[in-house]
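J.: Letter by letter, the sequence shown follows residues 76 to 279 of the numbering used here.
To start, I am sharing the structure in question, which I have written as structure tokens.
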Amino acid sequence: MKKLTMLLLVIALVFSAALAEPLSKSALFGSWSDSNYTNETIGLGFTVGDWHLYSQEEIMAANQWQDIVTDEQVAEMVASAQQFMIMQAERADKLQNVNIGMQDMSEYAAMIPYLDMDEFVGIQVSQVKTALEGMSVTDFQAEQGVYTVGDEEWHGFTGSYTLMGIPMHVRQAYVFRDTYLVIITATTALEDNTGDIYARFYAI
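Set out below in structure tokens:
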């Protein structure tokens, strides 16, 4: 079934000419304040509280987009990037963090309404496992689920693994906004507080 899904995506790549509407820099990255992060494009806000919210400049640097200034340049980078980050925050002790990533999936626009999200998440779990194992991570386990983000249900998984002897926990969830895939990743060390991190998101 996974091979069939990937084959259909390849077919969509060939036959779909639909393109995502380019987003301006401000629409893509959202708005920062001392206590909240909001992004109208994805319809979510995040309560920062006493966490550190990375600035737009820091996010741009993490994407290696330091020299990107205009909306046109942003659109070019979005179209060419495999995946990019639009928000990141972490607790002061660095034991908990969260980020929002996006990917332009306009090449597959024709298939998005028909995707089996459970199967899609299963593929993502396999990819995450492979990536973590390449970082000498051990004992990776994951369970798929559906999580409330703001006032909407997102499909994803909650997992655990060991990194240099430290127990780690991760929750990753996915949703489509137009032809953009939006990914929220919450990671915690020692205890699983990923649900508490997700509770900081609210609908706008």
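For each residue, glycine too, the CB sits at the ideal point set by N, CA and C.
1) Would you kindly check if the distance between the Cβ of Thr269 and the Cβ of Ala261 is under 8 Å?
2) For a test of the three-state rule: what should DSSP assign to Tyr112, helix, strand or coil?
3) Please state if the CB of Ile259 and the CB of Ile175 are separated by a distance shorter than 8 Å.
4) Under the rule that 16 or more other beta-carbon atoms within 10 Å means buried, what is Asp193, buried or exposed?
5) Secondary structure at Leu207, three-state DSSP: helix, strand or coil?
6) Just tell me which of Gly197, Ser235, Val196, Arg252 has its CA closest to the CA of Asp214.
7) Can you say whether Ala150 is buried or exposed, counting buried as having 16 or more other CB atoms within 10 angstroms of its CB?
8) Any idea what DSSP makes of Met180, helix, strand or coil?
9) Please name the residue, chosen from Gly197, Leu207, Gly209, that lies closest to Gly220 on a Cα-to-Cα basis.
10) At what residues does the beta strand (DSSP E) containing Thr237 begin and finish?
11) Which residue comes first and which comes last in the beta strand (DSSP E) that contains Leu256?
12) Mind checking Gly124: buried by the 16 CB within 10 Å criterion, or exposed?
13) When DSSP labels each residue in this structure, what does Thr145 get in the three-state scheme?
14) Per DSSP, Leu128 is paired with what?
15) So what does DSSP say about Met243, is it helix, strand or coil?
T.: With the given structure in hand:
1) yes
2) strand
3) yes
4) exposed
5) helix
6) Ser235
7) buried
8) coil
9) Gly197
10) 227-238
11) 255-264
12) exposed
13) coil
14) Ala164
15) strand
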